[in-house]
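Asker: For the record, the sequence lines run as chains Y and H. Per the numbering used here, the very first residue in the first sequence carries number -5; after that it's consecutive. Per the numbering used here, the very first residue in the second sequence carries number 1097; after that it's consecutive. The structure that follows is given in the form of structure tokens.
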Amino acid sequence: MSRDWPLWEVFVRSRRGLSHVHVGSLHAPDAEMALRNARDLYTRRQEGVSLWVVPASAIAASSPDEKDSFFDPAADKVYRHPTFYDVPEGVDHL
Amino acid sequence: MMQCSVTDSVTVEDVYGNDFTAPDQPAQPTRPAASDEPASFRDVLAADGRIEPRDEMPEGYRRTLIRQIAQHAHSEIIGMQPEGNWISRAPSLRRKAILMAKVQDEAGHGLYLYAAAETLGVDRADLLDQLHSGRQKYSSIFNYPTLTWADVGAIGWLVDGAAIVNQVPLCRCSYGPYGRAMVRVCKEESFHQRQGFEILHTLAKGTDAQRAMAQDAVDRYWWPSLMMFGPPDDDSPNSAQSMAWGIKRHSNDDLRQRFVDMTVPQSEALGLSLPDPEIAWNSDRGHYDFGEVDFTELFEVIRGNGPCNAERMAHRVRAHEDGAWVREAATAYADKRSRQARPPKAEEGAA
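What follows is the structure in structure tokens.
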């Protein structure tokens, strides 16, 4: 184990109506201290109205090595986009 | 504990995101041949894209970034000392509040950068060990003393000004986490530079003694600030590789020129002179000419022979050791709480 406190990933909601966005990480002994440290580290200039801290070890991520095979299934389904369809001249609001 | 003055360690200077050595020091581990670079890595760089932590990258790229980001982080936290020295003696409550906020920002910048370095697979605790044992360096600018209150102004105006010129291009660094940390840092630096300018402007408009104090601070900090950009391009072996990798975007000399061009008119607004008789506008080049920087001084400071090298390191190590009980107590408390923890309550829809 690291000699440091565990690593936490920090997410900030910058204002009401927006989702939390990842801003960085920090070390803290527990969730409560992680929140307080995140407040001091990432919101010194009113950058947020809400914070999440998540143990970095709890995040499962897709692998960049599988990028192609993992995301390819979406590549040949252009019919998922509205621009795929022919709309006759003069038809509005479609 | 006086490891700071050893001269046999690898002596690479990181100046707020620059990367160079003293000429007689071992060069840093260099790149493997370009052919060792994974195709995916080359493709991303060719498209001016960003490399992210779990992407394939050449070992040399990873090592260069770890060293540069770590030493940048070290510079930020050591940089708290020269100004921290004046918090208790700031001339007004307003100045004191500003200075505390600035020094707190430097701590924050260090933490953003340690976090960015850790995405490359190193531990912050190990990076701090390397700082404390002298194996990694910090910017030599912080080995100069802050003798008067005006020095706090000169540091904000000149040192942070030079740092901004160095750091703005790093926002576009090819390594995503470093670039993102620098965006945050740069946003915060502009207040640092302005508060320094304001201190000097106030002193320059004050009594004769205050004016002299401001001029003396500028006289002492001008050349070390120019040194922050590193050796001339011809003499900067790491630069070419860093530019090819998209870590560095402009040469040392280009950045130094940019800083001089920005700063000379500001000095005129302050009514303070810069200690270089060769400064003159060159209309052919469209830039200010300036005198030659004495890099022997820079390399002496990098080797550990600057005025405050030993003091800065001793203070840093002492602060770390004196804080050990706090870290241990917090860990013990967290352990106790997790042992006592009851089953967690149902989530209440965090999103």
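Idealized CB from N, CA, C, for every residue including glycine. Note that this is a predicted model, so its numbers are computed, not measured.
#1: Would you say S57 (chain Y) lies against chain H (beta-carbon separation less than 9 angstroms)?
#2: Going by the beta-carbon positions, is the gap between P1333 (chain H) and F1391 (chain H) smaller than 9 angstroms?
#3: Name the DSSP beta bridge partners of D62 (chain Y), please?
#4: Considering only the alpha carbon of each residue, which of H:Q1291, H:A1277, H:P1265 lies closest to A1193 (chain H)?
#5: Leaving out five residues on either side along the sequence, give the residues of the same chain with a beta carbon under 8 angstroms from the beta carbon of R1185 (chain H).
#6: Determine the direct distance from the alpha carbon of F65 (chain Y) to that of K71 (chain Y), and round the result to whole angstroms.
#7: Quick one: which residues of the region 11 to 35 of chain Y get their C-beta closer than 7 angstroms to a C-beta of chain H? List them in chain order.
#8: Taking DSSP as the reference, what is the three-state secondary structure of L45 (chain Y)?
#9: Would you grab the beta carbon distance between L1161 (chain H) and Y1274 (chain H) for me? Rounded to a whole angstrom, and I think it's under 8 angstroms.
#10: Do three or more CB pairs link the region 20 to 34 of chain Y to the region 51 to 66 of chain Y at distances below 8 angstroms?
#11: Say whether chain Y places a C-beta atom closer than 9 angstroms to the C-beta of S1363 (chain H).
#12: My assumption, with CB atoms under 8 angstroms, is that L1195 (chain H) sits in contact with A1250 (chain H). Please give the rounded CB distance.
#13: Taking a contact to mean a Cβ-Cβ separation below 9 angstroms, would you say I1260 (chain H) touches Q1226 (chain H) in this structure?
#14: Could I get the ranges of all uninterrupted alpha helix (DSSP H) runs contained in the region 1250 to 1308 of chain H, with 4 residues as the minimum, in chain order?
#15: Please name the residue in H:K1283, H:P1320, H:A1212, H:G1400 whose C-alpha comes closest to that of G1272 (chain H).
#16: Relative to the alpha-carbon of N1040 (chain H), which residue among H:G1230, H:L1216, H:D1222, H:Y1240 has its alpha-carbon at the smallest distance?
#17: Quick one: what does DSSP say H1416 (chain H) is sitting in, helix, strand or coil?
#18: Mapping DSSP to helix, strand and coil, what is R1316 (chain H)?
#19: Can you find a C-beta in chain H that's less than 9 angstroms from the C-beta of P66 (chain Y)?
#20: With N1348 (chain H) as the anchor, note down where its alpha helix (DSSP H) starts and where it stops.
#21: Which residues of chain H have a Cβ atom closer than 9 angstroms to the Cβ of L88 (chain Y), listed in chain order?
#22: Give me the Cβ distance between W2 (chain Y) and P49 (chain Y), rounded to the nearest whole Å; I'm assuming they're in contact under 8 angstroms.
#23: For L1322 (chain H), which three-state DSSP category applies?
#24: Going along the chain, which residues of its own chain have a beta-carbon closer than 8 angstroms to the beta-carbon of T37 (chain Y), five neighbours each way excluded?
#25: What is the residue span of the alpha helix (DSSP H) that A68 (chain Y) lies within?
#26: Over the uninterrupted alpha helix (DSSP H) stretch that includes E1202 (chain H), give me the two end residues.
#27: What residues are listed by DSSP as bridge partners for V1140 (chain H)?
#28: Are the beta-carbon atoms of V1356 (chain H) and I1375 (chain H) separated by less than 9 angstroms?
#29: So for N1401 (chain H), helix, strand or coil by DSSP?
#30: Look at the alpha carbon of V1314 (chain H) and the alpha carbon of Q1232 (chain H), and state the distance between them as a whole number of angstroms.
#31: Look up F1386 (chain H) in the DSSP assignment and say whether it is helix, strand or coil.
#32: Since I believe S8 (chain Y) is in contact with E41 (chain Y) (beta carbons under 8 angstroms), could you give me their beta-carbon distance rounded to a whole number of angstroms?
#33: I'd like to know whether the C-beta of R9 (chain Y) is nearer than 9 angstroms to at least one C-beta of chain H.
#34: Can you grab the Cα-Cα spacing for the pair A68 (chain Y) / R74 (chain Y), in whole Å?
#35: Cα separation between P1320 (chain H) and S1363 (chain H)?
#36: Determine, using beta carbons only, whether W(-1) (chain Y) and A1426 (chain H) come nearer to each other than 9 angstroms.
Answerer: Based on what the coordinates show:
#1: yes
#2: Taking 9 angstroms as the Cβ cut-off, P1333 (chain H) and F1391 (chain H) do not qualify as a contacting pair.
#3: DSSP, once it has assigned bridges, lists no residue as partnering D62 (chain Y).
#4: H:Q1291
#5: W1245
#6: 12 angstroms
#7: Taken in chain order, the members of the region 11 to 35 of chain Y whose beta-carbon sits within less than 7 angstroms of a beta-carbon on chain H are G18, S19, L20, H21, P23, D24, M27, L35.
#8: strand
#9: 7 angstroms
#10: no
#11: False, the Cβ-Cβ gap to chain Y never drops below 9 angstroms.
#12: Contact between L1195 (chain H) and A1250 (chain H) is absent: CB atoms are separated by about 14 angstroms, not below the 8 angstroms threshold.
#13: no
#14: Runs found: 1256 to 1263, 1272 to 1300.
#15: H:A1212
#16: It is not possible to answer for residue 1040 (chain H), since the shown part of chain H is limited to 1097 through 1447.
#17: helix
#18: helix
#19: Residue 66 (chain Y) is actually Asp in this sequence, not Pro. Taking Cβ atoms only, chain H never reaches closer than 9 angstroms to D66 (chain Y), which makes this a no.
#20: From DSSP, the alpha helix (DSSP H) with N1348 (chain H) extends over 1348 to 1366.
#21: Going along chain H, no residue has its Cβ under 9 angstroms from L88 (chain Y), so there is no contact; the nearest lies around 33 angstroms.
#22: 6 angstroms
#23: helix
#24: Excluding positions up to five away in sequence, the list reads V6, L45.
#25: Taken as a continuous stretch (DSSP letters only), A68 (chain Y) belongs to no alpha helix (DSSP H), as it is neither H nor E.
#26: Element bounds for E1202 (chain H): 1189 to 1214.
#27: DSSP, once it has assigned bridges, lists no residue as partnering V1140 (chain H).
#28: For V1356 (chain H) and I1375 (chain H), yes; Cβs fall inside 9 angstroms.
#29: helix
#30: 29 angstroms
#31: F1386 (chain H) falls in the coil class under three-state DSSP.
#32: About 6 angstroms separates the beta carbon of E41 (chain Y) from that of S8 (chain Y), a gap short enough to meet the 8 angstroms contact definition.
#33: No, R9 (chain Y) does not count as interfacial toward chain H.
#34: 9 angstroms
#35: Straight-line Cα distance between these residues: approximately 16 angstroms.
#36: yes
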